[in-house]
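As structure tokens, the structure follows; a few thoughts come after it.
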Amino acid sequence: MTDGPEGSHGSGGTAPLADRHESLPVRHSEVAMHGRVWDVVRDRVDLGEAGEVTREYVRHPGAVAVAALDEQGRLCLIQQYRHPVRTFEWEIPAGLLDVAGEAPQLGAARELHEEADLVAATWHVLADYVSSPGGLDEALRIYLARDLTAVPESERHVRDGEELGMPVRWVPLEEVRDAVLAGRVHNATVTIAALAALAARELGWTTLRAPDAPWPSHPAHRG
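According to our numbering, the sequence shown is numbered sequentially starting from -15.
In structure tokens:
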């Protein structure tokens, strides 16, 4: 059965469920605001029969995050102040893809080293998502990192700004899930990472992808 509740549209076919990556014609594009980290872009897009519309969005280089899981099934969390939401959020190590020519996995390893003082011997892609497609073009990839080792004190990254003195906490995946469902933890990346890791573990880790798997939602890494 392919149709949903009465009045809803059917699936339109039997192909596996997947987003369709296609760029509609852009008739005009300009930078509406130059920002310190990213810009706001204004595009006039041709929707075909629906006509042309103007859309403004944040242009983003993309980002990577790391679900570092230890042998006890605990997730490495860090707490960082996020000024736009006025919250000290529990998060997983993450960062922008802002180093020219750097492969996403290397960027993830760099963030794990810098933010959690860890290196990992085993890497897989856990999940990909777009954070807010109505307002920014950020594509984010979450890696699962295992077989962890602490970085020696002499080789650790010197943190500053919001990262200075960040608490680190190891939390069982089930406890992270429960905190999300109870409304105590709100970070989208942590939510996706914890639920995806629990699901992947239940399926015997068969859903994991290679670290260099194609990344369809990121134009530079579609493969």
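For each residue, glycine too, the CB sits at the ideal point set by N, CA and C. Predicted model only: the values in this text are computed from it and were never measured.
Residue environment for Thr190: exposed (fewer than 16 other C-beta atoms within 10 angstroms of its C-beta). In the three-state reduction of the DSSP assignment, Gln63 falls in the strand class, which pools E and B. Taking the Cα of Met17 as reference, the smallest distance to any Cα among Ala93, Arg26, Pro9 and Pro198 is reached at Arg26. Secondary structure at Thr(-2): coil, using DSSP grouped into helix, strand and coil.
For the options Gly19, Glu75, His5 and Arg11, the alpha carbon positioned closest to that of Val169 is the one of Glu75. Put simply, the stretch 73 to 88 does not touch the stretch -5 to 7. Fewer than three CB pairs are less than 8 Å apart. DSSP, read as helix, strand or coil, puts Asp162 in helix. With fewer than 16 other Cβ atoms from the protein chains shown falling within 10 Å of its own Cβ, Gln56 counts as exposed. Its chain contains Leu110, Thr191 and Leu192 as the residues whose beta carbon lies nearer than 7 Å to that of Ala184, once the 5 sequence neighbours on both sides are disregarded; these appear in chain order. Residue pairing by DSSP places Arg153 opposite Leu61 in a beta bridge. Counting C-beta atoms within 10 angstroms of its own C-beta, His67 has fewer than 16 neighbours from the protein chains shown and is therefore classed as exposed. Between Arg130 and Leu53, the gap from beta carbon to beta carbon is short of 9 Å.
Non-local beta-carbon contacts of Arg58 in its own chain, meaning distances under 7 Å to residues more than five positions away in sequence, involve Trp154, Val155 and Pro156 in chain order. Around the Cβ of Val21, a 10 Å sphere holds fewer than 16 other Cβ atoms; the residue is exposed. Taken through DSSP and simplified to helix, strand or coil, Thr106 comes out as strand.
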